[in-house]
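Residue numbers (our numbering): 2 to 1167.
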């Protein structure tokens, strides 16, 4: 069994252990939070709604008034308007958890503004006695309510305004977490009810059509009258936001994610989706968490706001706006200036709606505490009684006359489908739906026939008519044909989605979609492909993959990949039987086979390869797939191919040979034939190919070549990577001579590199046998050789019995105290449970390793001093390389991924939460950030944050942000540990530094210098390290050569919160002729739609630029900007400068070029 890293090739435990300078650096800010409130935080803000309103900073041209507040309402969770213009609210005062013995008495409230003055005069309690209702949607003569494990329908049958009938519509939804329960109910244009659940919920529901299941997060789709239920999308963390735009496209926000707006492609999987092999990512990586979602529309709002998406940064006390635009088959999203922002800590907007008067309505949860499990459920600062609804209007623009729909006749309702306001169109369809097909269809047919084709809104009006038929569940083939042939691509895309719902009621539905699979518009192609996936047949598969004949972007590639898997039961048996081959198009067949990626595709793929029909651009992926699923004969053929001179580039030979090595290590399958035929590869000049060949000798136990491994292992002048593979291979042979040779390398007198590699490799095999030699070796090292000690320590830590064995051996030696101190820090930073080893290092290094503890009085004094702290100095502490905070935490998407993102932590977290997170990280660990510790059947230990689990493997993310895949059948034990952040990491700080640090963290996300900008800042960089190798290259070669040399050592570097590279932090390298030293940095930009883009710098003076290795100059007319015409893909941007001449550092942003179709974004992450 082998455990693989998702970054690079097969992850060898001995390999990892033996690689010098690889170690876990210190995690700094906690992934946990306080579980008790301190009393030194100060009083809550004045709860007067007017005080709160006066704190709002409102977008130019808008104003805010209070629509409703406590005591008329309390704790609004979700709100929705009905066709009468009444605002329905799900209200929960019990949240987050009912007290023992407490009566459940949460409510459904109905608010009315009868005189139209923008303020609700009355509130009716429609229903009470509920337990944390997390969503509602009026309809079907009552209201649908998400109530714990059930979807209810409540109805007032006697007209007194109160529910007297309760019907359980669906039951069996999971209830593992109260803020992940069923929520966010929303009617679609199609007449179906959409609702969400979140990551910790596992639902199993019985319906008349069978059991429906959704484990984890996702969005359901439900037709109440037929009880048809299916999953619309899977994944996301906590999807408290879903909305459908005027053309039927769905978007979602994630209240615990970090990618902003998510485009919901039907059937797609997103982050956290259970068993997902591939996911779609959000449109705004690095964003704060958002809650609620609405599409701005209507005559009351300015033209520039039409179609904008409105959502809530509830942590940062903001109501935000995004502009959506086409990006190939998908969308791009750009954040704009906020609609509302404030410093009022209790303003917690969680839902947003367009109202019947054209105004924007915002549900304000109103609470200084928003953390769920991180802060005590009984924390007295939690507010359980207040709540507000705010109403935002545009100044000097008339409101919309509220439509009268409930009592309107059918012709009036049909005409209302033409209204510019989305509210009016949706509610009209809802009323028409409830009137029933018999009453509506004759008039609907006449209305559609009478539509004026000269009307600017003709296509949209016709689509509204088509949706009305769908909502009534009445097929109208002629109108569907017209929509599928519309000259508006948005209508064709929407119509394509309807086809599978009517497949039994229209003739030849496949033929309806056939022309759309090759439509000129990529989104039409995408919708056609996904609709064909719902009509399983060989014909549907054949039609769907015609889309490959047109340009394919990332969204369409995902849709085709997903469709290949969805339709596999229809097309794969036919391919295996030889009766179907995608109409002879090899590229289509290869794509489908690769998408499936299972052993079932082996023979068809091999046949194509032998016939020479695999297209060149698909060759590498096809061969890798054969290596991943093939048996000995197939792997033998690949090895023959590797041996052929000039059959493929050297880099491809190495990559393919490494794939064969993985097959041997993971699946215990080796190529057929004489394996000694790889001998010539051991003499290849290319180091990567030689290393792969050496690895193959060991993995396949090629006895005749064992002496060659011995030569390499003993050769002190061999590259370390080759020696490491040779030593590993010798250990794999397991014979006495090989064991003796490696053991000799581990003895005193051996060369230092060989000794380190041998000890690390032996520790990965039998830590007890080599522990004494390891301890002796470490006693000879000083702190400047930490990398060697790290390699040895990691191999012991990776074994179940390793830490105990090394701890015992260390008691017999003395270590350099600085080395011991750094070793302890690294073990703690790894998140592994090895306290006995830490104690042994402390004893051997004569350390006082007791973590400092703080009394309640000391904590109170620190909290009291934070208002006087300096956040600028605190950011400098946070950014210290020795602290490595950004190794594990990201700000606006740039940084590590194993800890929570921090861009809005100050606006969401009380001060005591921040302080306790630093001082006592294991007090209570934030959800999703518990470390998981896995023990395997080979005695390995793996520690990391759980990323996902499929039916075959568990994937963890370690402290180096590598994804480690552990086969499920190899796991003997797994347990949830505490925070991956160790205690004591802030102990070296002075109290003043600690105060400054908390002051900085407390400002993150608040209005001011530490709020993340809406600019697309170049935040994630790499900087050339100051090493002897880099210095030599800088002096002896050109900058162009240095740029292209990835082996020189490029370190991660991140911009400040304000987006600036700090010159004083940059390593520099010398130049020829004693010129001033320079810094060389790199950032990456991903282009999803080709075209011109612009990089704008605060000043380009004294900066030199290269893009993809090519020198570029600033624009002649704009000397601080680079306009670049780039193809789809990731592009490297290098900047060289003298830090001494840039005291203010460097700040760069990505901008759109007017008139350019390009869509691009900075690459973020670690």
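Glycine included, every Cβ here is placed at the ideal spot set by N, Cα and C.
With DSSP as the reference, identify every bridge partner of residue i, one or two as the case may be.
{"i": "residue 1132", "result": "1086"}
{"i": "residue 145", "result": "138 and 154"}
{"i": "residue 221", "result": "196 and 232"}
{"i": "residue 642", "result": "Its beta-bridge partners do not exist; DSSP assigns none."}
{"i": "residue 112", "result": "88 and 124"}
{"i": "residue 1160", "result": "1090"}
{"i": "residue 312", "result": "321"}
{"i": "residue 211", "result": "208"}
Using the three-state DSSP reduction, which class does residue i fall into: helix, strand or coil?
{"i": "residue 34", "result": "Caution is warranted here: a pLDDT of 36 is assigned to residue 34, below 50, making its placement in the model unreliable, and no coordinate value can be reported."}
{"i": "residue 204", "result": "strand"}
{"i": "residue 889", "result": "coil"}
{"i": "residue 103", "result": "coil"}
{"i": "residue 1053", "result": "strand"}
{"i": "residue 243", "result": "strand"}
{"i": "residue 430", "result": "helix"}
{"i": "residue 486", "result": "coil"}
{"i": "residue 285", "result": "coil"}
{"i": "residue 1125", "result": "strand"}
{"i": "residue 636", "result": "helix"}
{"i": "residue 712", "result": "helix"}
{"i": "residue 723", "result": "helix"}
{"i": "residue 16", "result": "Below a pLDDT of 50, predicted positions are generally treated as unreliable, and residue 16, at 34, falls in that range; the measurement from the model is reported next regardless. Note: residue 16 maps to helix in three-state DSSP."}
{"i": "residue 424", "result": "helix"}
{"i": "residue 185", "result": "strand"}
{"i": "residue 847", "result": "coil"}
{"i": "residue 10", "result": "The predicted position of residue 10 is uncertain, since its pLDDT is 32 and thus under 50; a value taken from the coordinates is nonetheless stated next. If DSSP states are grouped into helix, strand and coil, residue 10 belongs with coil."}
{"i": "residue 4", "result": "For residue 4, the predicted model reports a pLDDT of 49, less than 50, meaning its position is unreliable; a value from the coordinates is still stated below. Looking at residue 4 - three-state DSSP - the assignment turns out to be coil, as it is neither helix nor strand."}
{"i": "residue 667", "result": "helix"}
{"i": "residue 166", "result": "strand"}
{"i": "residue 698", "result": "helix"}
{"i": "residue 502", "result": "helix"}
{"i": "residue 264", "result": "strand"}
Could you give the C-beta distance for residue i and residue j, rounded to a whole number, given that I count them as a contact under 8 Å?
{"i": "residue 357", "j": "residue 86", "result": "4 Å"}
{"i": "residue 1004", "j": "residue 1011", "result": "4 Å"}
{"i": "residue 680", "j": "residue 640", "result": "No, residue 680 and residue 640 are not in contact; Cβ-Cβ is about 12 Å, not under 8 Å."}
{"i": "residue 698", "j": "residue 709", "result": "7 Å"}
{"i": "residue 811", "j": "residue 776", "result": "5 Å"}
{"i": "residue 315", "j": "residue 350", "result": "6 Å"}
{"i": "residue 217", "j": "residue 236", "result": "7 Å"}
{"i": "residue 1084", "j": "residue 1134", "result": "5 Å"}
{"i": "residue 1036", "j": "residue 1082", "result": "Going by Cβ atoms, the distance from residue 1036 to residue 1082 rounds to 19 Å, so no, they are not a contact pair."}
{"i": "residue 764", "j": "residue 742", "result": "17 Å between Cβ atoms; not a contact."}
At least three beta-carbon pairs within less than 8 Å, the segment 1151-1162 to the segment 1083-1101: yes
Between the segment 112-122 and the segment 68-75, do at least 3 Cβ pairs fall closer than 8 Å? Output reads yes: the segment 68-75 touches the segment 112-122.
So does the segment 468-477 actually touch the segment 495-507, counting three or more Cβ pairs closer than 8 Å? yes
What residue ranges within the segment 900-978 form continuous beta strand (DSSP E) runs of no fewer than 3 residues, ordered along the chain? 931-937, 942-950, 954-958 and 964-968
Across the segment 100-120 and the segment 426-434, are there enough close Cβ pairs to call them in contact, namely three or more that are closer than 8 Å? no
In chain order, which beta strand (DSSP E) runs of at least 3 residues are fully inside the segment 337-405? 350-355, 361-365 and 389-395
Cβ contact check for the segment 600-607 and the segment 627-639: 3 or more pairs under 8 Å: yes
Evaluate the contact criterion for the segment 178-198 versus the segment 226-240: three or more CB pairs, one atom per stretch, below 8 Å. yes
Report yes or no: do three or more beta-carbon pairs, one from the segment 751-759 and one from the segment 782-795, lie closer than 8 Å? Contact between the segment 751-759 and the segment 782-795 is present, because at least three Cβ pairs lie under 8 Å.
Could you check whether the segment 407-415 touches the segment 302-313, counting it as contact only if at least three pairs of C-beta atoms, one from each stretch, sit closer than 8 Å? With the rule of 3 Cβ pairs closer than 8 Å, the segment 407-415 does not count as touching the segment 302-313.
Across the segment 1030-1049 and the segment 881-895, are there enough close Cβ pairs to call them in contact, namely three or more that are closer than 8 Å? no
Quick test of the definition: if touching needs 3 or more C-beta pairs under 8 Å, does the segment 1021-1040 touch the segment 855-872? Put simply, the segment 1021-1040 does not touch the segment 855-872. Fewer than three CB pairs are less than 8 Å apart.
How about the segment 608-626 and the segment 569-587: do they share at least three Cβ pairs that are nearer than 8 Å? Put simply, the segment 608-626 touches the segment 569-587. At least three CB pairs are less than 8 Å apart.
Along the chain, which unbroken stretches of the alpha helix (DSSP H) at least 4 residues long are found entirely within the segment 437-477? Counting only runs of 4 or more, we get 438-450 and 459-472.
Entirely within the segment 507-534 and at least 4 residues each: give me those alpha helix (DSSP H) ranges in chain order. Segments of the alpha helix (DSSP H) lying fully in the segment 507-534: 510-514 and 523-533.
Mind the definition here: the segment 1065-1072 touches the segment 894-914 only if three or more C-beta pairs lie below 8 Å; say whether that holds. As far as the Cβ criterion goes, the segment 1065-1072 does not touch the segment 894-914, which means the pair count is below three.
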